[in-house]
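Colleague: Oh and the sequence shown: position 233 is 542 in my numbering, straight run, nothing missing.
First, the structure itself, so that you have it in front of you.
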Amino acid sequence: MKTTAQDPKRTKSLLQHKGVRLHDIQSFSFMKRFREVPRKSNLKVKDKYGAGILTLHLKQGSQKAFYVRPFQKPSSIIRYLVSQNIPFDNSISRERTAAEIPATTYQRPSLYMFYFFVLFITFMILGYQAIAFGSWWAYILGIISFGLSIYFMHMLMTRFCYLKVDNKSLRIYSVGREIVYPYEKILKVNFDFAREQAFTHVMEILDKDYHYRLYYIGRVSRRTLNDIAETLQSAGVDATCSLNEDKRFYQDKQIFH
């Protein structure tokens, strides 16, 4: 594993912002929900769920949990902590137990995807019509419309992935792209609810070079996520499913059976 010159700078900056010194960290957990213990002074605790949860287990016996956002470069943070020989508590080494894994695609229709596609087409047409009109205000409207159409295209490409497993790899598909992760290169996978309710659930992947990626898997049924995690485990991947498949989102009070 190679660290970059930016890894220590990013990590120390984040730890300083959180009020933690590197030598105070005994171990850490990543890609795992954090359940806060209620205290007399604070009975209303708020558990942390979703992507990018980093929990620092401190030598004085306390814990510090927070979200590491994508712009904060989680890969750099985890890579540097590991390079400093700080134990990664919830990273489990697994052996492959399945002789053969049949190719299975996990895909469902998505109304949200159709909605975003309609918005993409609508603003694209509005942009062309506005520019064709010719006046200065129409050009401004056209630029805004094209900008919105690009935004909705980005949503289509990043928020509506579906998955396929086969004997050798995990494959991620979305509009216009395919990403392949051979099982032997995956260190950890976790499924959980997205904190943005509209996008339902996410998949976090950490490879063996500690590159972290987050995928919104809106075209995968939440009821299949436990099955996918078990399949990945049988392929020798440390995979977990943190969400309750009978809930539509984290705060959902109704349970669907």
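Even glycine gets a Cβ: it sits at the ideal position worked out from N, Cα and C.
Skipping 5 residues on each side, what residues in its chain have a beta carbon closer than 6 angstroms to that of valine 308?
Modeller: The displayed coordinates of the chain run from 310 to 566. Any statement about residue 308 would go beyond what the structure contains.
Colleague: Contact defined as beta carbons within less than 8 angstroms: I believe arginine 319 pairs with lysine 382. What is the distance between those atoms, to the nearest angstrom?
Modeller: Arginine 319 to lysine 382, Cβ: 5 angstroms. Contact.
Colleague: Looking only at C-alpha atoms, which of Met462, Asp516, Phe442, Tyr492 sits nearest to threonine 540?
Modeller: Of Met462, Asp516, Phe442, Tyr492, the residue nearest in Cα terms is Tyr492.
Colleague: How about aspartate 316 and serine 371: are their beta carbons less than 8 angstroms apart?
Modeller: Cβ atoms of aspartate 316 and serine 371: not closer than 8 angstroms.
Colleague: Taking DSSP as the reference, what is the three-state secondary structure of glycine 328?
Modeller: The answer is coil: DSSP assigns glycine 328 none of H, G, I, E or B.
Colleague: If we ignore side chains and look at the alpha-carbon of each, how far apart do alanine 360 and cysteine 470 end up?
Modeller: So the alpha carbons of these two residues sit roughly 16 angstroms apart.
Colleague: Considering just the uninterrupted stretch of the alpha helix (DSSP H) at phenylalanine 455, what are its terminal residues?
Modeller: Looking at the DSSP string, the run of the alpha helix (DSSP H) that includes phenylalanine 455 is 445 to 467.
Colleague: Going straight from the alpha carbon of phenylalanine 426 to that of methionine 462, what length do you get?
Modeller: Approximately 8 angstroms between the Cα atoms of the pair.
Colleague: Reducing DSSP to helix, strand and coil, say where asparagine 535 ends up.
Modeller: Correct three-state label for asparagine 535: helix.
Colleague: On the three-state DSSP scale, how would you describe proline 418?
Modeller: Coil.
Colleague: Flag this pair as yes or no: are the beta carbons of aspartate 475 and isoleucine 495 separated by less than 8 angstroms?
Modeller: No, they are not a contact pair.
Colleague: Terminal residues of the continuous alpha helix (DSSP H) containing arginine 388?
Modeller: Note, arginine 388: alpha helix (DSSP H), 383 to 392.
Colleague: Report buried or exposed for histidine 566, applying the criterion of at least 16 other Cβ atoms within 10 angstroms of its Cβ.
Modeller: With a pLDDT of 48 at histidine 566, under the threshold of 50, the modelled position of this residue cannot be trusted, and the question is left open.
Colleague: Going by CA-CA distance only, name the one from Ile440, Tyr424, Phe432 that's closest to glycine 456.
Modeller: Among Ile440, Tyr424, Phe432, the Cα nearest to that of glycine 456 belongs to Phe432.
Colleague: Is leucine 523 closer than 8 angstroms to proline 379 when the C-beta atoms are compared?
Modeller: Yes, Cβ-Cβ distance for proline 379 and leucine 523 is below 8 angstroms.
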